[in-house]
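If you read the sequence shown in our numbering, its first letter stands for residue 36, the second for the next number, and so on.
Note that the Cβ used here is the ideal one computed from N, Cα and C, for glycine as well.
Quick caveat: nothing in here was measured; it's all calculated off a predicted structure.
See structure below.
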Amino acid sequence: MSAPTVLPEAIDDQVRELCANAVDALEIAAGLEFGGLTDEAAALRHGHADVFAYAEALYRSVPRKPVEPVVDGPVPWAGNQGRHAVRGILFGLPGLCYVTAAQAVTGSTVVLVVSLLLAWAYGQGAAYLAYVAIGHGDRDAGLAVARWGLRAGLAVLAPVIAGVGVLTSAGPAGIALALGQAAYLLAAGVILVADGELVLLAVLIPGCVVSAVYLVSGWPQPWAVWAAGALSVAEAVVLAEIVSRTPARASVRGRLLGALAPALFGALCGGLLAAGTPLKNGALVMVPLSLSMGAAEWAVFRFRRGGHLLLGRTATARRFARAVRGELFGALGRYLAVLLALTALAWLAGRPGYGETLRLAANLALGGAVLVALILQSCGINAPVLGLFGVALAAELAAPQTPELQLGAYLALLFAITCLAWAAVARTPLHR
């Protein structure tokens with residue numbers, strides 16, 4: 036490291052405070068320009084070629100003594116760990132109903148995959164629109180957007196899914212399961228936007244309790260299990276309407292383009308998960324990854340909070356980059372530990388064969404890639420993420436469906452997106 040520069044002039048308190056709290060010389064230059072200093076003034080008054088040269092000299096001469104700002108309101112990117120744990124349970128519990136219902140459904144893989152993809156993609160876009168409105172301080176408008184999004188989604192997706200089921204000869208049971216899956220996903224998204232985790236947990240009780248009893252004992256009759264699942268789906272749709280009811284009139288004009296990225300990401304994730312799920316023991320492979328999404332959400336919040344706090348705790352841009360990259364790998368490591376534990380439990384419960392075991396391992400890599408992607412998207416980085424996931428899905432669809440190739444593809448995706456994040460997260464403006 037080069038020796039500090041000693042300026043031959045006194046520095047006023049305002050400039051000294053700017054320099055003491057700046058992460059890099061560019062931040063000092065921006066502050067000086069905001070204060071009215073021009074390149075000509077920097078040359079005449081301070082003897083430097085321009086504002087950037089003067090800022091660099093200040094950065095090298097004034098010691099860093101960052102002061103953490105006093106925040107009157109909530110700290111940015113704060114989160115409740117218990118809430119995210121409940122969300123993780125909510126992501127995984129429907130797997131019980133799916134395992135039970137799927138035993139009575141044959142030849143319905145296509146319509147179930149189409150239902151999953153459409154519901155995930157549409158749900159991601161609708162949730163984005165709602166959260167944008169809430170983020171701008173208009174909670175009523177956000178809930179209204181979510182409510183109308185649910186109504187439009189059910190009206191548009193239901194006939195499409197039913198049509199695909201008819202064309203693929205899925206049968207009434209397969210079509211019903213696909214429609215129920217889509218309706219639940221859309222309604223659950225609205226309830227979560229309204230912070231109704233406990234409401235959704237209560238909604239799942241009928242279907243999940245009866246399904247669990249049936250899996251253990253074979254009782255009651257299958258029709259009763261289907262009825263309990265249908266009750267859970269109906270409750271979800273009705274309660275989504277209730278919890279999102281507000282007097283506000285929502286407008287989504289100008290926000291639809293922004294919803295495209297999360298919707299496309301949801302479709303790509305759904306496509307990768309569906310393409311890599313075997314017809315046999317499919318739920319066993321999918322449930323650990325689905326259940327881990329609550330832990331992923333918590334990891335994203337914790338990383339963003341850590342990056343924000345590091346702005347006031349690190350003395351140089353180099354130290355900030357090193358520390359925030361440590362936060363990134365810490366988030367990835369903690370999440371993968373949770374996903375590994377869930378995967379191990381699934382393996383012990385099902386004792387799958389070689390192929391399913393490799394697919395469980397592949398989903399570890401896919402889960403890690405999804406977490407890093409969510410972190411990048413929370414920083415506003417969308418296009419490279421969508422590009423990498425799009426390439427991975429294209430490779431998955433083009434290559435032979437073997438567990439070995441799938442594991443290699445997902446490991447490559449995890450490596451590529453981690454390299455992208457390594458460079459991206461070190462940029463201080465992303466953490467403001």
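Tell me which residues share the same chain as residue i and place their Cβ nearer than 6 Å to its Cβ, disregarding the 5 neighbours each side in the sequence.
| i | result |
| --- | --- |
| S279 | L178, A181, R182, V225 and A229 |
| Q216 | S150 |
| L393 | P438 and L442 |
| V245 | V260 and A263 |
| A60 | A90, E91 and Y94 |
| P129 | none |
| L440 | A434 |
| Y219 | V268 and A271 |
Whole angstroms are fine: how far does the CA of residue j sit from the CA of residue i?
| i | j | result |
| --- | --- | --- |
| T73 | R95 | 20 Å |
| L53 | V359 | 22 Å |
| N56 | R99 | 6 Å |
| W333 | G422 | 25 Å |
| H466 | L345 | 9 Å |
| A190 | V273 | 15 Å |
| A397 | L67 | 51 Å |
| R51 | L79 | 20 Å |
| V86 | A165 | 42 Å |
| R186 | V145 | 24 Å |
| F338 | S252 | 43 Å |
| G425 | P419 | 10 Å |
| R118 | A330 | 10 Å |
| F355 | A459 | 13 Å |
| A366 | V335 | 7 Å |
| R463 | G71 | Inspection of the sequence shows that residue 463 is occupied by Thr rather than by Arg. So the alpha carbons of these two residues sit roughly 23 Å apart. |
| P297 | N417 | 8 Å |
| R348 | A45 | 26 Å |
| A456 | E362 | 12 Å |
| V199 | G184 | 22 Å |
| G108 | G172 | Its pLDDT being 49, under 50, G108 is placed unreliably in this model, and the coordinates cannot settle the point. |
From the DSSP output, in three-state form, read off residue i for me.
| i | result |
| --- | --- |
| L72 | coil |
| A45 | coil |
| P255 | coil |
| P98 | coil |
| C54 | helix |
| T349 | coil |
| L371 | helix |
| Q436 | coil |
| C414 | coil |
| P387 | coil |
| G206 | helix |
| G340 | Just to set this straight, residue 340 is Arg in the shown sequence, not Gly. The answer is helix: DSSP assigns R340 an H, G or I state. |
| T281 | coil |
| A229 | coil |
| A64 | helix |
| A376 | helix |
| D175 | helix |
| A461 | coil |
Go through its chain and collect everything with a Cβ distance to residue i's Cβ below 7 Å, but skip five positions before and after it.
| i | result |
| --- | --- |
| A427 | L307, A444 and L448 |
| E276 | R182 |
| H83 | A77, Y89 and A92 |
| W382 | T392 and L395 |
Compute every distance between the C-beta of residue i and the non-hydrogen atoms of the ligand COA, then say whether any falls below 7 Å.
| i | result |
| --- | --- |
| Y166 | The ligand COA is absent from the structure shown, which contains no ligand whatsoever. |
Within a Cβ cutoff of 8 Å, which residues of the same chain sit near residue i, ignoring the five residues on either side of it in sequence?
| i | result |
| --- | --- |
| G231 | L274 and V278 |
| L401 | L307, L308, G311, L324, Y445, L448 and L449 |
Residue i CB to nearest chain C CB: under 8 Å?
| i | result |
| --- | --- |
| A265 | Absent here is chain C; the protein component of the structure consists of one chain. |
Check: For the 8 Å Cβ check, are there 3 or more pairs between the region 370 to 383 and the region 437 to 453?
Finding: no
Check: Do the region 355 to 375 and the region 403 to 410 touch if we need at least three Cβ pairs shorter than 8 Å?
Finding: yes
Note to self: Is it the case that the region 297 to 306 contacts the region 156 to 163, given that we only count it when at least three CB pairs across the two stretches are under 8 Å?
What the structure shows: yes
Item checked: Validate contact between the region 199 to 207 and the region 236 to 243 using beta carbons, cut 8 Å, 3 pairs -> no
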